[in-house]
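Q: 887 is the number of the first residue of the sequence shown in the numbering used here; add one for each residue after it.
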Amino acid sequence: MNLTTQLCLFMSVAAPTLAALRCFKCNDNCTKSSVNKSASGIEFTSTIEEASNRSVSPWEHIQDINNTRFPEIIWTANCKHDKCLNNSLQKFNHVLGVMAITYNIRVYYRESCQNKTHYRLVPGIFKVTVGCTCYKRKQEH
887 MNLTTQLCLF MSVAAPTLAA LRCFKCNDNC TKSSVNKSAS GIEFTSTIEE ASNRSVSPWE
947 HIQDINNTRF PEIIWTANCK HDKCLNNSLQ KFNHVLGVMA ITYNIRVYYR ESCQNKTHYR
1007 LVPGIFKVTV GCTCYKRKQE H
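1. If we ignore side chains and look at the alpha-carbon of each, how far apart do isoleucine 960 and tyrosine 994 end up?
2. Which first and last residues belong to the beta strand (DSSP E) in which glutamate 997 is found?
3. On the CB-based measure, 16 or more other CB atoms within 10 Å of its CB, does phenylalanine 1009 come out buried or exposed?
4. To the nearest angstrom, report how far apart lysine 1002 and arginine 992 are at their CA atoms.
5. Go ahead and pull the three-state DSSP assignment for glutamate 946.
6. Taking the straight line between their C-alpha atoms, what separation do you get for histidine 1004 and glutamate 997?
7. Is there a Cβ from chain D that is less than 8 angstroms from the Cβ of tyrosine 989?
8. According to DSSP, is asparagine 964 part of a helix, a strand, or is it coil?
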């Protein structure tokens, strides 16, 4: 295999990787005018909120905001208690604990380049809490 063939083979493999890591000007890509950087359009219906409040492990929705992440705003659940309520929803059941139900989503983090007016987007994983559930605690003997 001659040098030209090797170079062409290398570029066909390396080009997509290099393109993914290339730096963008801050005002060229992902500006507020061209990209919706959040899930702010999501509305929680009264049915979802009512289900949370009727649950024996209720939760509330909060915004997780990170200006270096795309999307910048992610709605996540926050468990209201560390113990489950009894069936009448009035007292805590000390045998049952509360556990968050999570889901991993792909996000992108902005990373500065050597030229501070440029950045690259680096993929990452963000763990979103989507609700809460009860579990039976281990009995200590």
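Just so you know, even glycine gets a beta-carbon here, dropped at the ideal spot from N, CA and C.
A: This is what the structure holds:
1. Roughly 12 angstroms separates the two Cα atoms.
2. If you look at glutamate 997, you'll find it in the beta strand (DSSP E) that goes 978 to 998.
3. Before going further, note that residue 1009 is proline rather than phenylalanine in the sequence given. Exposed, since its Cβ has fewer than 16 Cβ neighbours within 10 Å.
4. Between the C-alpha atoms of lysine 1002 and arginine 992 there is a straight-line separation of about 25 angstroms.
5. Of the three classes helix, strand and coil, the one that applies to glutamate 946 here is strand, per DSSP.
6. Spanning the two alpha carbons is a distance of roughly 9 angstroms.
7. The structure shown contains no chain D; it holds only a single protein chain.
8. Residue state, collapsed to three classes: strand.
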